[in-house]
Amino acid sequence: MSTFKLSGLRIFSISMAASLFLTACGESSSPAASTATQPDIQAAAGSAATATDSPEVSAVDFFKALLVENDLKEAKSHAVPSLKRVLDGYASAKAVGRTLLNMSFDQVEITIEDTNKNVREFYTDKADVMLIFTGKKNDEKVVNMRMVKMEKHGGKWLVAVIKDDPFARTKI
1398 MSTFKLSGLR
1408 IFSISMAASL
1418 FLTACGESSS
1428 PAASTATQPD
1438 IQAAAGSAAT
1448 ATDSPEVSAV
1458 DFFKALLVEN
1468 DLKEAKSHAV
1478 PSLKRVLDGY
1488 ASAKAVGRTL
1498 LNMSFDQVEI
1508 TIEDTNKNVR
1518 EFYTDKADVM
1528 LIFTGKKNDE
1538 KVVNMRMVKM
1548 EKHGGKWLVA
1558 VIKDDPFART
1568 KI
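Sequential numbering from 1398 applies to the sequence shown in the numbering used here.
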């Protein structure tokens, strides 16, 4: 009788491990993952961006408009009114990237860092999203991180504050 329980437990353990392995190996399809119109520039979102109206997707869309599509008008549609006024002071999205964000890429991939995701964020109108920008500038690899403070206005997630890269180092 105890042999049967042990065998059942082994079978259960093996089947759970196999299903976990197969689930982990599957491809993640994200609605925010896309390829830009330019062949050498790409933007992608991580696994946290599963809903079409989530703070993660809105943050990626904001930066994709600035850094990939060079579309300042589109970026403003993802910003709170105070940030829109700041963006109005710039002539182009590239100028915003260069001067306001201190980021410029020949090609870039935008990834959501979601290891510290908290379930409580889904029940509030504010969220923090950490984005990782991996790209190339003048054939040199560039990696930047930005913490983006998101706020929900009228049912839509908008970029409120963009924090500097906490790990940035200057070349001396």
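The beta carbon of each residue, even a glycine, is placed where N, CA and C say it ideally should be.
Alpha-carbon spacing of residue i relative to residue j, whole angstroms
{"i": "residue 1524", "j": "residue 1508", "result": "17 Å"}
{"i": "residue 1480", "j": "residue 1556", "result": "8 Å"}
{"i": "residue 1463", "j": "residue 1505", "result": "11 Å"}
{"i": "residue 1474", "j": "residue 1558", "result": "15 Å"}
{"i": "residue 1469", "j": "residue 1521", "result": "28 Å"}
{"i": "residue 1450", "j": "residue 1536", "result": "35 Å"}
{"i": "residue 1461", "j": "residue 1551", "result": "22 Å"}
{"i": "residue 1465", "j": "residue 1482", "result": "21 Å"}
{"i": "residue 1491", "j": "residue 1478", "result": "20 Å"}
Residues bridged to residue i [DSSP beta-bridge criterion]
{"i": "residue 1508", "result": "1529"}
{"i": "residue 1548", "result": "1523, 1555"}
{"i": "residue 1542", "result": "1529"}
{"i": "residue 1537", "result": "1534"}
Cβ-Cβ separation, residue j to residue i (assumed contact under 8 Å), whole Å
{"i": "residue 1560", "j": "residue 1547", "result": "That pair is no contact at about 12 Å."}
{"i": "residue 1533", "j": "residue 1503", "result": "5 Å"}
{"i": "residue 1467", "j": "residue 1489", "result": "7 Å"}
{"i": "residue 1497", "j": "residue 1487", "result": "7 Å"}
Beta-carbon proximity list for residue i, same chain, < 6 Å, skipping 5 on both sides
{"i": "residue 1452", "result": "1524, 1526, 1547, 1554"}
{"i": "residue 1540", "result": "1531"}
{"i": "residue 1458", "result": "1475"}
{"i": "residue 1529", "result": "1508, 1510, 1542"}
Neighbourhood of residue i by C-beta, 7 Å cutoff - its chain only, sequence neighbours within 5 removed
{"i": "residue 1484", "result": "1469, 1472, 1473, 1476, 1493"}
{"i": "residue 1495", "result": "1501"}
{"i": "residue 1456", "result": "1526, 1528, 1545, 1547, 1556"}
{"i": "residue 1562", "result": "1541, 1542, 1543"}
{"i": "residue 1549", "result": "1522"}
Contacts around residue i, its chain only, beta-carbon distance under 8 Å, and the 5 residues preceding and following it disregarded
{"i": "residue 1564", "result": "1542"}
Quick check on the DSSP output: what are the complete alpha helix (DSSP H) runs of length 4 or more inside the segment 1457–1481, in order along the chain? 1469–1473
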